[in-house]
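See structure below.
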Amino acid sequence: MTISSQRYQGKPFLRLLECYVLWTIGELSEAESKTLHEMTPKLRSIYDVQGDWQEIVATVVELPLNMPELIQGVWARNVEIAQESGAILSPQEFAEMFVDKNLV
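So the sequence shown is numbered by my numbering: it starts at 204 and just counts up by one.
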């Protein structure tokens with residue numbers, strides 16, 4: 204699945220939210236992880252929040268401390284549902300759906 208840049212037009216934080224979800228379910232690519240690590244000082248400056256990029260995202264959106272566990276549970280259930288119906292749920296599709304439904 205290709206990531207549509209139109210999706211993020213005028214919404215730069217949207218991709219950060221999706222990356223947070225992908226990181227939480229263990230599906231964030233090494234390249235994106237490296238990029239986000241490199242962006243962390245800039246994110247700290249923009250949002251005036253300390254910590255790694257994940258902590259910055261969580262703080263800006265005011266996520267509960269147990270959000271990673273909650274996301275992992277929803278991911279597991281959705282993968283199971285997809286398998287039962289003979290479908291495949293890609294991590295990116297899940298991240299987009301989760302963010303759209305719960306974080307924006």
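For glycine and all other residues, C-beta sits at the position ideal for the given N, C-alpha and C.
None of the values given here were measured: they were computed from a predicted structure.
Can you say whether V260 is buried or exposed, counting buried as having 16 or more other CB atoms within 10 angstroms of its CB? With 16 or more Cβ atoms within 10 Å of its Cβ, V260 is classed as buried.
* Work out the CA separation of D303 and Y211 for me, nearest whole Å. => Separation of Y211 and D303 (C-alpha to C-alpha, rounded to the nearest whole angstrom) is 12 Å.
Look up Q295 in the DSSP assignment and say whether it is helix, strand or coil.
Q295 falls in the helix class under three-state DSSP.
task = Measure the C-alpha to C-alpha separation of Q257 and S288 and round it to an integer number of angstroms.
result = Here the C-alpha atom of Q257 lies approximately 33 Å from the C-alpha atom of S288.
Item to complete: Find out if the Cβ-Cβ distance for the pair A298, E221 is shorter than 8 Å.
Response: Their beta carbons are under 8 Å apart, which means A298 touches E221 by this criterion.
How many angstroms separate the CA atom of N305 from the CA atom of I274? Their Cα atoms are separated by approximately 10 Å.
Which of the three DSSP states is assigned to P244 in this structure?
Three-state DSSP puts P244 in a helix.
- What residues in its chain sit with their C-beta under 8 Å from that of V252, if we drop five residues either side in the sequence? Result list for V252: L246, E258, I259, T262, V263, in chain order.
* Inter-residue spacing [alpha-carbon to alpha-carbon] between D255 and V282 -> Cα-Cα distance, rounded: 28 Å.
- To the nearest whole angstrom, what separates the beta carbons of L217 and V307, a pair I think is in contact under 8 Å? With a contact defined as Cβ atoms closer than 8 Å, L217 and V307 qualify at about 7 Å.
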